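Chemist:
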Amino acid sequence: MFYFNKLGGVKIVSMTPANPGWYLRVKENFEDTEWWYMPVACWALCRSADGDLMLPCVVDDRGTLTPNDPDSNPCDLVYLPNAKVLENPAFGAIECKLIQ
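The structure is reproduced here in structure tokens:
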């Protein structure tokens with residue numbers, strides 16, 4: 014099982030594949046002006062003492078499939094079914110920019 018350190022006591026109950034076109038739009042920090050788009054690979058049903066929540070899973074900077082911690086950085090979910098992913102040479106396939 015995967016446990017969140019920051020969220021404390023949150024564990025994955027199940028995972029399901031994401032449909033193509035879902036992206037996590039993130040910034041490195043709150044001062045950053047540039048958004049990065051990371052394809053959502055799957056959705057994780059997570060359980061905590063506060064109840065259940067569904068989190069998007071993306072590949073992290075170590076190449077591990079990880080549920081996104083919504084409190085760790087500015088982010089939101091976007092559905093862009095016709096977008097094409099352009100690999101950023103500075104980050105490899107981990108973080109992507111999109112063209113429409």
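Numbered per the numbering used here, the sequence shown finishes at 113, counting up by one with no gaps.
We put the CB at the ideal spot given by N, CA and C, even for glycine.
Bear in mind the structure is a predicted one, so any value in this text is a computation, not a measurement.
1. Give me the Cα-Cα distance between Val-146 and Met-28, rounded to the nearest whole angstrom.
2. State the CB to CB distance for the pair Cys-55 and Pro-30, rounded to an integer number of angstroms; the pair is presumed to be in contact (CB under 8 Å).
3. Does DSSP classify Arg-60 as helix, strand or coil?
4. According to DSSP, is Phe-15 helix, strand or coil?
5. Determine the extent of the beta strand (DSSP E) in which Arg-38 is found, giving its start and end residues.
6. What's the C-alpha gap between Glu-47 and Tyr-36?
7. Tell me, which residues are paired with Trp-49 by DSSP?
8. Using C-beta distances below 6 Å, list every residue in its chain close to Ala-57, excluding the 5 sequence neighbours before and after it, in chain order.
9. Check whether the Cβ atoms of Pro-87 and Phe-43 lie closer than 8 Å to each other.
10. With DSSP as the reference, label Val-72 as helix, strand or coil.
Modeler: Inspection of the coordinates gives the following:
1. Nothing in the structure corresponds to residue 146, since the chain is present only between 14 and 113.
2. Counting from 1 along the sequence shown, the entry for residue 55 is found at position 42. Counting from 1 along the sequence shown, the entry for residue 30 is found at position 17. Confirmed, Cβ separation roughly 5 Å.
3. Within the sequence shown, the letter at position 47 stands for residue 60. Of the three classes helix, strand and coil, the one that applies to Arg-60 here is strand, per DSSP.
4. Working through the sequence shown from its first residue, we reach residue 15 at position 2. Bear in mind that a pLDDT of 46 at Phe-15, under 50, signals an unreliable position, so the number given afterwards is only what the model happens to contain. Of the three classes helix, strand and coil, the one that applies to Phe-15 here is coil, per DSSP.
5. Position 25 of the sequence shown, counted from the first residue, corresponds to residue 38. Unbroken beta strand (DSSP E) run through Arg-38: 35-39.
6. The residue labelled residue 47 in the question sits at position 34 within the sequence shown. The residue labelled residue 36 in the question sits at position 23 within the sequence shown. Near 15 Å, if we compare the C-alpha coordinates of Tyr-36 and Glu-47.
7. The count along the sequence shown starts at 1 and reaches residue 49 at position 36. Answer is Val-39, bridged to Trp-49.
8. What you label residue 57 is simply residue 44 of the sequence shown in a count that begins at 1. Ile-25, Met-28, Leu-68, Cys-70 and Pro-80, listed in sequence order.
9. As a position in the sequence shown, residue 87 is number 74, starting the count at 1. As a position in the sequence shown, residue 43 is number 30, starting the count at 1. Contact flag set, yes.
10. Within the sequence shown, numbered from 1, the residue matching residue 72 stands at position 59. Looking at Val-72 - three-state DSSP - the assignment turns out to be strand.
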